[in-house]
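Under our numbering, the first residue of the sequence shown is numbered 3, with each subsequent residue one higher.
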Amino acid sequence: MDAMPKKIKYTLNKKLMMLFIVLLSLATFGIGISGYYIASKALQDKGEVTLKNAVVMALKIIEAEHGKSLAGAITEERAKENVKLALLGPRNEDGTRTLHGKIDLGHNGYMIIYDLSGTEIMHPTLEGLNVIDVTDMKDPNHYIVRDQIEKGLSGGGFTYYSWVLPHSDVIADKIAYASYDPNWGWIVSATAYETDFNASARMILLVLMLIYIGLMILVTVIAAGILRRVTWPVILVSEGMDAVSQGLYKTIPEVTSQDEIGQLTKGYNLMVESMDVTRKNLTYQTEKLSYLAYNDELTKLPNRNRFKKHVNTRIMACSGEAYLVQIDVRAFKVINSTMGYDQGDELLKKIGAYFKSQIRDMFFIARTSGNEFSVWLEEKSVVQVRASIEKLQDGIRKYLIVNDFMHPLDYHVAVANFPDQGLDFESLYNKVSMAMKHAKEQKNTKIYLFDSDMEKAILDELEMRKYLKVAIEEKKIAVHYQEKYDFVKQKVVGVEALSRWFSDELGYVSPNVFIPALSELNLTSKFGDYMIDMVMRDYAKLKEIYGEGISVSINISPTHFLEVGFLTTVMQALVFHNVPAEKVILEVTEDIFIADFKKISTIITSLHVLGLKVSIDDFGTGYSSFNYLKSIDFDEMKIDKTFMDQILDDDKAFKLFQILCEIAKIYDYDIVAEGVETMEQLEMIKGTSLRIVQGYLFSKPQPIEKLKRHIETKHIEK
């Protein structure tokens, strides 16, 4: 039989002690639980505020990079990658990005960007995948990505769902805040696990449990102190979080102890200080973005947005005529290449500083693209506009001289009239851009006023471009050959391959029209490969016509010449068509020398190793420099027709021509005179060491079928 339990006698002291212990236990337990939930709620609120602020910061970064891409400072692709670098970090070789990005979202938190179709634009591990149908781990009816997209499009909001912890099978609750970026149509989301936010609160609960056990032992001795020690910092944190939610970033008195309570107050203060710094940075970025939205950062001039706004405002108030003018710094690429991009930027700054000093409502100036400036003038006639622009150019010249820039500058200038050519900014800007294109094609410094012929020319060019790619693919661009004649030996020593296009739809299209279009259509290399193959194919027939010694020249664009695969293309064509390399001359225009000098020299050396020859074409028209003649090991120099046209009437031009001939003789270069069309020119040439000529005096470019077998002694009838 079990023994009966002894009856316990409770003295008043024991009862009071037990009552006190019970009350103390209940109070301590209540305080512990309330402290935990207060801390948990405070940290939860902190987490949500942190997530929301992270998204706000991300949207500002996106807006800044989008603005740079719009301004032409960087490409859109570069801008988007900059956003990813700022929010997560660089992409690893396996396609992943760092989980812990530059924005602190807790131990397992990170930033995500979706497009509206649910594709991961940015994600630590899932970048590029479509996750529109991904559901909550606990609720298969909750489509978490769709929910975030919906919240983002609705002005921003929180999504609560369950997901697997990283590197674990444990499912935990997550919070995400999503908002919509209108610049690239992205949904930007900051996400973190609730456990990351509540970790400190759980630690507090553990501490309170230990305190509870200690209080049970020590009873009243330390009860009051512990209660105050536990609740006071938590209450301060909660009050502080309330203040933060109202935009007041204030620290709280720190507990100097090194335990969890002390860490809580210190951690809270660090968080508030960090959030305050972030807020100030966001304010600065917002102000900067607001400035950059309407101003050019380099020149401090108004940008295109501000210019557009000003023009449209003035149009509303304008009762008479006005003009939109574009001013483009000529050969700015050469300035960058020869003087360096820093000097190019300094030049733009100086031009901008002068222009800024001239701005007023009826004479408003802005930088609207790289080296293009636009001016709004409220003048009564084109004559007054010309006078104003010439005065402005003269002012720039004097200002640059005073500021130690002695390099002479020229400008392309185009003009559109309000109201004749447009009733708003966009229509006027479109017309003046057409006029600017025409001005650049004329290669002079005249001021060009838009007319309908310019628009027709552009429309015709657009029409031509539609057929150009097809013409190359279907081999409808023909190769004609023009002879190079040695008048001393009285024989043809070479031919130059020239492209000719007879379109079924457009008729004859001049190379001066379709060759420049190749670059803008990214067809330069494709066309170059096509020409190389066609000429190599024709070489056997050329040899039948002219004999074994005939050489053939092929024009190569600078872009094609500098491509990595160019040497391989040439070598394969030589082998395939069985053409001796020493009979092929590759002609490059002298403007190639504004590129990497060392790289050009290396390519020419490689071509010489293969046995090919290199010629400088159109010498005397572009960036001619005697430095090229001594530094680059080329084989032939061709004097351009525009230069040859001057030797009859310009004694200085003829003397310079004689000098070039002697230099070629000294350096053992072949020298060819292009565009020789009269006997008078030929007679003057005979007074120099030059002996190879090319031009209509001897032959015009013809298809290979029309070339005739030439005899050794071809005479020119006087």
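Note that CB positions come from ideal geometry on N, CA and C, so glycine has one too.
Quiz item: Since Q328 is in the alpha helix (DSSP H), which residue starts that stretch and which ends it?
Solution: As a working note, residue 328 is residue 326 in the sequence shown. Looking at the DSSP string, Q328 is not in any alpha helix (DSSP H); the run it does join, the beta strand (DSSP E), is 324 to 331.
Quiz item: Sorted by chain position, which residues of the same chain lie with C-beta nearer than 6 Å to E584's C-beta, five sequence neighbours on each side aside?
Solution: By one-based count along the sequence shown, residue 584 stands at place 582. Within the same chain, E584 has close Cβ partners G613.
Self-check item: Through-space distance from V554 to S701, alpha-carbon basis
Solution: Locating residue 701 in the sequence shown gives position 699, counting from the first residue. Locating residue 554 in the sequence shown gives position 552, counting from the first residue. If I take the Cα positions, the gap works out to 15 Å.
Practice problem: Could you name the residues of the same chain whose beta carbon sits closer than 7 Å to that of H482, not counting the 5 residues immediately before and after it, in chain order? | Solution: Counting from 1 along the sequence shown, the entry for residue 482 is found at position 480. L500, R502, P703, Q704, P705.
Quiz item: So is Y270 buried or exposed if we call it buried at 16+ other beta carbons inside 10 Å?
Solution: Against the sequence shown, residue 270 aligns to sequence position 268. With 16 or more Cβ atoms within 10 Å of its Cβ, Y270 is classed as buried.
Quiz item: Since I114 sits in a beta bridge, which residues does DSSP pair it with?
Solution: Counting from one through the sequence shown, the residue named residue 114 turns up at place 112. I114 is bridged to S191.
Self-check item: Host beta strand (DSSP E) of F516 (start-end)
Solution: Within the sequence shown, numbered from 1, the residue matching residue 516 stands at position 514. Careful: F516 lies outside any beta strand (DSSP E), inside the alpha helix (DSSP H) at 513 to 522.
Quiz item: DSSP state of P142, grouped into three classes?
Solution: Reading the sequence shown from its first residue, position 140 is the one you call residue 142. P142: coil per DSSP, three-state reduction.
Self-check item: Collapsed DSSP secondary structure at T77 in the structure displayed
Solution: Residue 77 sits at position 75 when you count from the first residue of the sequence shown. Three-state DSSP puts T77 in coil, outside helix and strand.
Self-check item: Terminal residues of the beta strand (DSSP E) in which I556 lies
Solution: On the sequence shown, position 554 is the one that residue 556 refers to. Run containing I556: 553 to 558, per the beta strand (DSSP E) assignment.
Quiz item: Name the DSSP beta bridge partners of V274, please?
Solution: Translated into positions along the sequence shown, residue 274 becomes position 272. Paired residues: none, contrary to the question.
Self-check item: Nearest-angstrom Cα separation, counted from L470 out to Y286
Solution: By 1-based counting over the sequence shown, the position of residue 286 is 284. By 1-based counting over the sequence shown, the position of residue 470 is 468. Between Y286 and L470, the C-alpha separation is close to 50 Å.
Practice problem: Flag this pair as touching only if the region 291 to 300 and the region 374 to 386 have three or more C-beta atom pairs under 8 Å; answer yes or no. | Solution: no
Quiz item: Is the region 525 to 545 close to the region 680 to 697, with three or more CB pairs under 8 Å?
Solution: no
Exercise. Using the Cα positions of H414 and R467, report the straight-line distance between them to the nearest angstrom.
Key: For this step, residue 414 is matched to residue 412 along the sequence shown. For this step, residue 467 is matched to residue 465 along the sequence shown. Answer to the nearest angstrom: the Cα atoms are 25 Å apart.
Quiz prompt | Length of the line joining the Cα atoms of Y343 and K352 | solution = Here residue 343 refers to the residue found at position 341 of the sequence shown. Here residue 352 refers to the residue found at position 350 of the sequence shown. Going by the C-alpha atoms only, they are around 14 Å apart.
Quiz item: Can you tell me the Cα-Cα spacing of P126 and L89, whole angstroms?
Solution: One-based indexing of the sequence shown puts residue 126 at position 124. One-based indexing of the sequence shown puts residue 89 at position 87. The alpha-carbon atoms of P126 and L89 are separated by roughly 10 Å.
Exercise. Would you check if the distance between the CB atom of F357 and the CB atom of F375 is smaller than 8 Å?
Key: The residue labelled residue 357 in the question sits at position 355 within the sequence shown. The residue labelled residue 375 in the question sits at position 373 within the sequence shown. Their beta carbons are under 8 Å apart, which means F357 touches F375 by this criterion.
Exercise. Output the distance between the C-alpha atoms of E719 and Q492, rounded to the nearest integer angstrom.
Key: Counted from its first residue, the sequence shown places residue 719 at position 717. Counted from its first residue, the sequence shown places residue 492 at position 490. Any reading at E719 is ruled out, since the residue's pLDDT is 46, under 50, leaving its predicted position unreliable.
Quiz item: To which residues of the same chain is E176 closer than 8 Å at the C-beta, ignoring the five residues directly before and after it?
Solution: Counted from its first residue, the sequence shown places residue 176 at position 174. Before going further, note that residue 176 is Lys rather than Glu in the sequence given. Y162, Y163, S164, W165, T193, A194, Y195, E196, listed in sequence order.
Self-check item: Beta-carbon proximity of R369 to G346, cut-off 8 Å
Solution: The residue labelled residue 369 in the question sits at position 367 within the sequence shown. The residue labelled residue 346 in the question sits at position 344 within the sequence shown. Not a contact, by the Cβ cut-off of 8 Å.
Quiz item: Terminal residues of the continuous beta strand (DSSP E) containing I134?
Solution: Here residue 134 is taken as the residue at index 132 of the sequence shown, counted from 1. Element bounds for I134: n/a, residue is neither H nor E.
Quiz prompt | In DSSP terms, what K493 is bridged to | solution = Position 491 of the sequence shown, counted from the first residue, corresponds to residue 493. In the DSSP output, where bridge partners are listed per residue, K493 has D488.
Self-check item: Distance, K302 Cα to S454 Cα
Solution: To locate residue 454, count along the sequence shown from 1; it is residue 452. To locate residue 302, count along the sequence shown from 1; it is residue 300. Distance between the alpha carbons of S454 and K302 is about 35 Å.
Practice problem: Can you say whether T591 is buried or exposed, counting buried as having 16 or more other CB atoms within 10 angstroms of its CB? | Solution: Numbered from its first residue, the sequence shown carries residue 591 at position 589. With 16 or more other Cβ atoms within 10 Å, it is buried.
Practice problem: Measure the CB-CB distance between Q434 and F407 and report whether it falls below 8 Å. | Solution: In the sequence shown, counting from the first residue as 1, residue 434 sits at position 432. In the sequence shown, counting from the first residue as 1, residue 407 sits at position 405. Reading off the sequence, residue 434 comes out as Val, not Gln. Not in contact: V434 and F407 (Cβ atoms no closer than 8 Å).
Quiz item: With a Cβ-Cβ cutoff of 8 Å, do K708 and V674 count as a contact?
Solution: Taking the sequence shown and counting its residues from 1, one reaches residue 708 at position 706. Taking the sequence shown and counting its residues from 1, one reaches residue 674 at position 672. The answer is no: Cβ separation not under 8 Å.
Quiz item: Should P304 go down as buried or exposed, given a rule of 16 or more other Cβ atoms within 10 Å for buried?
Solution: Residue numbering aside, residue 304 sits at position 302 when the sequence shown is read from its first letter. By the neighbour-count rule (16 or more Cβ atoms within 10 Å), P304 is buried.
Quiz prompt | Y179 and K54 closer than 8 Å at C-beta | solution = If you number the sequence shown from 1, residue 179 lands on position 177. If you number the sequence shown from 1, residue 54 lands on position 52. Yes, the pair counts as a contact, with Cβ atoms nearer than the cut-off.
Quiz item: Which stretch, first to last residue, makes up the beta strand (DSSP E) that contains V586?
Solution: Translated into positions along the sequence shown, residue 586 becomes position 584. It spans 586 to 591 - the beta strand (DSSP E) in which V586 sits, taken as one unbroken run.
Quiz item: Residue range of the alpha helix (DSSP H) that E443 falls in?
Solution: For the purposes of this step, residue 443 is identified with residue 441 of the sequence shown, where counting begins at 1. Its alpha helix (DSSP H) spans residues 427 to 444.
Quiz prompt | Among M139, H109, L87, T137, nearest to I115 - alpha-carbon criterion | solution = One-based indexing of the sequence shown puts residue 115 at position 113. With distances taken between Cα atoms, I115 lies closest to L87.
Quiz item: Between Q395 and P513, what straight-line distance do the alpha-carbon atoms span, to the nearest angstrom?
Solution: Counted from its first residue, the sequence shown places residue 395 at position 393. Counted from its first residue, the sequence shown places residue 513 at position 511. Roughly 34 Å separates the two Cα atoms.
Practice problem: Taking all protein chains shown into account, decide if T52 is buried (16 or more other Cβ within 10 angstroms of its Cβ) or exposed. | Solution: Taking the first residue of the sequence shown as 1, we reach residue 52 at position 50. With 16 or more Cβ atoms within 10 Å of its Cβ, T52 is classed as buried.
Quiz item: What's the call for R99, buried or exposed, on a 16-neighbour Cβ count within 10 Å?
Solution: In the sequence shown, residue 99 corresponds to position 97, counting from 1. R99 should be labelled buried.
Self-check item: Anticipated Cβ contact below 8 Å, F427 with N314, distance rounded
Solution: Here residue 427 refers to the residue found at position 425 of the sequence shown. Here residue 314 refers to the residue found at position 312 of the sequence shown. At roughly 5 Å, the Cβ-Cβ gap stays under 8 Å, so F427 and N314 are in contact.
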